[in-house]
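The sequence shown begins at 1 in UniProt numbering and counts up one residue at a time.
Glycine included, every Cβ here is placed at the ideal spot set by N, Cα and C.
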Amino acid sequence: MGERQAEADRRAEEIEAKAREEASRVTVNDFFDRWMKSDKPKGRKDGGKELRRQFEKDVLPLLGEKEMKNVTRADILNVTDTVLARGVNRMAQSLYRPG
């Protein structure tokens with residue numbers, strides 16, 4: 001009975017590890033969609049419409065298909081540089097606020 005339990009435990013750990021790996025493959029698009037469905041953007045005066053517009057115009061075309069775990073500071077700076085090149089400095093600041 002000890003071997004069966006050990007084997008079941010190993011299988012459960014493998015399944016959990018696979019689930020964690022799949023969860024870590026969330027793209028920026030997926031994450032943004034989930035976040036927009038949360039209550040956080042809805043607390044804004046416009047219900048998040050301007051935020052969605054900004055992301056759909058400036059962030060998602062450049063980073064949308066990238067997995068969240070692979071987004072780098074350089075990727076984010078690329079987005080802000082693209083926005084700055086259009087002369088929209090305030091928008092660039094709102095998209096990227098270094099912590």
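- Counting of Cβ neighbours within 10 angstroms places D58 among the buried residues, the total reaching 16 or more.
- In the displayed model, E65 falls within coil according to three-state DSSP, outside both helix and strand.
- Rounded to whole angstroms, the separation of the alpha carbons of L51 and S38 is 13 Å.
- Counting the other CB atoms within 10 Å of its CB gives T72 a total below 16, which places it among the exposed residues.
- Beta-bridge partners of T72 (DSSP): none assigned.
- The beta-bridge partner set that DSSP reports for T27 consists of E67.
- Three or more Cβ pairs closer than 8 Å define a contact, and the segment 17 to 30 meets that threshold against the segment 67 to 82.
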